[in-house]
Amino acid sequence: MRFRPSSRQLDYFVALAETLHFGRAASRCHVSQPTLSAQFKLLEEQLGCTLLERGSGGISLTASGERLLPLARRTLENLDEIVTVAQAGQSNLGGLIRLGVSPTFGPYFMPYLLPILKREFPLLELYIREDRPNLLEEGLMSGALDCILTPDFASSDQWTAQVLCRESVSLAVPKSHPLAGVDVIPVDMLRGEKLLALGQGFRLHNDVQALAHAAGADFRQDYEGTSLDALRQMASIGMGLALFPAAYIASEFGKEPDLLLKKIEGLPMRRTMYLVWRCGSSRTTHFENLLSLALQAVNSMQVEGVEPA
1 MRFRPSSRQL DYFVALAETL HFGRAASRCH VSQPTLSAQF KLLEEQLGCT
51 LLERGSGGIS LTASGERLLP LARRTLENLD EIVTVAQAGQ SNLGGLIRLG
101 VSPTFGPYFM PYLLPILKRE FPLLELYIRE DRPNLLEEGL MSGALDCILT
151 PDFASSDQWT AQVLCRESVS LAVPKSHPLA GVDVIPVDML RGEKLLALGQ
201 GFRLHNDVQA LAHAAGADFR QDYEGTSLDA LRQMASIGMG LALFPAAYIA
251 SEFGKEPDLL LKKIEGLPMR RTMYLVWRCG SSRTTHFENL LSLALQAVNS
301 MQVEGVEPA
């Protein structure tokens, strides 16, 4: 029979790859160091390749180890899914969902979704991780996350991406700015203007960069915000103009007396939010049910500029 690594051997491999230390890996796996070392050596012999380089400076992954690590993580995650589905069943969305959300949408949407989830699935454990979209995608790829809510997702045969809603985006202009009196701003009127953006990894960063290029505006990378709140505060004191999505505007702009919201002539000024999970996941039914509840939450928001799919 063809050799197949055991889940325990894969646990040892992943622990060693993540700690790069036999003692810490053994402690994490709750075994003695000699046991872990012997089992890992056996794994390398059975696979016929070296996964770790051992030297006076410590240990490091070989090229083979780098290639096999994502597969080992995915295999362990799939085994966890089997247990989750078997124990919790379809009636509770699998018992646990690790959901990644973009910080430009999650804080203004989750208060609508959480009560619905609590009502429909009171025993569901929901782990929420808020991070930049590019890091959420990495978490989904590695198996650290089950599904993610992310804007303007690039399609791939690795993922199933379902549209949740479409959200308008507006340009914030200080009341003292010369453009404050213009209702819909022509793109060419932004020439030479300073445009503020969130840091790299956010879709809004790319949107502002594209707008600056199209308009001949000054894309201020030295003033990148770490949050929409920081961006709003910078715009309010005249450091530049900035883009904001509708859900954030509805939640936070009521307390912002110094900014006006504008549309830009000829530009779509909107983004699309997706619920994304790994293609072929054994939990597809869970995520489809989650999407259905998320659509209910979008409908309950009743926010101008947020349109359900």
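Residue numbers (UniProt numbering): 1 to 309.
Using N, Cα and C, we set each Cβ at its ideal position, and we do this for glycine too.
Phe109 carries a helical assignment under DSSP once its states are collapsed to helix, strand and coil. Thr84 sits away from Thr160, with the two beta carbons spaced by 8 Å or more. Where Met301 is concerned, the enclosing alpha helix (DSSP H) starts and stops at 284 to 301.
The Cβ atoms of Leu51 and Ser60 lie no closer than 8 Å to each other. Sorting Met189, Ser236, Ser7, Ala309 by C-alpha distance to the C-alpha of Val163 places Ala309 at the top.
For the pair of segments examined, the stretch 128 to 137 was found not to touch the stretch 177 to 194: the number of CB pairs separated by less than 8 Å stays below three. Using a 10 angstroms sphere on the CB of Tyr127, the tally of other CB atoms stays under 16, which defines it as exposed. Following the DSSP letters along the chain, one finds Glu125 in no alpha helix (DSSP H) but inside the beta strand (DSSP E) bounded by residues 125 to 130.
As DSSP reads the structure, Lys262 sits in a beta bridge with Leu171. Per DSSP, the unbroken beta strand (DSSP E) holding Pro245 starts and ends at 242 to 245. For Glu53, no alpha helix (DSSP H) encloses it; the enclosing beta strand (DSSP E) starts and ends at 52 to 55. Under the three-state reduction of DSSP output, Ser60 falls in the strand class. When only Cα atoms are considered, Ala212 and Glu252 end up about 25 Å apart. C-alpha of Cys147 to C-alpha of Glu45: approximately 36 Å in a straight line.
Taken in chain order, the whole beta strand (DSSP E) runs of length 3 or more contained in the stretch 194 to 278 are 242 to 245, 259 to 264, 270 to 278. Separation of Ala297 and Cys29 (C-alpha to C-alpha, rounded to the nearest whole angstrom) is 40 Å. Cα atoms of Glu120 and Lys175: separation of roughly 45 Å, rounded to the nearest angstrom. Here the stretch 64 to 79 does not lie against the stretch 19 to 38, with fewer than 3 beta-carbon pairs under 8 Å apart. A direct Cα-Cα distance of roughly 34 Å separates Glu265 from Leu113. Exposure of Met1 is indicated by the presence of fewer than 16 other C-beta atoms within 10 angstroms of its C-beta. If you ignore the 5 residues before and after Met110, its C-beta comes within less than 8 Å of the C-beta of Val101, Ile128, all in its own chain and listed in chain order. It is roughly 22 Å from the alpha-carbon of His205 to the alpha-carbon of Glu307. The distance from the Cβ of Lys194 to that of Arg220 is about 5 Å, consistent with a contact at the 8 Å cut-off. Cβ contact annotation for Asn289 (same chain, cutoff 8 Å, sequence separation greater than five): Leu93, in chain order.
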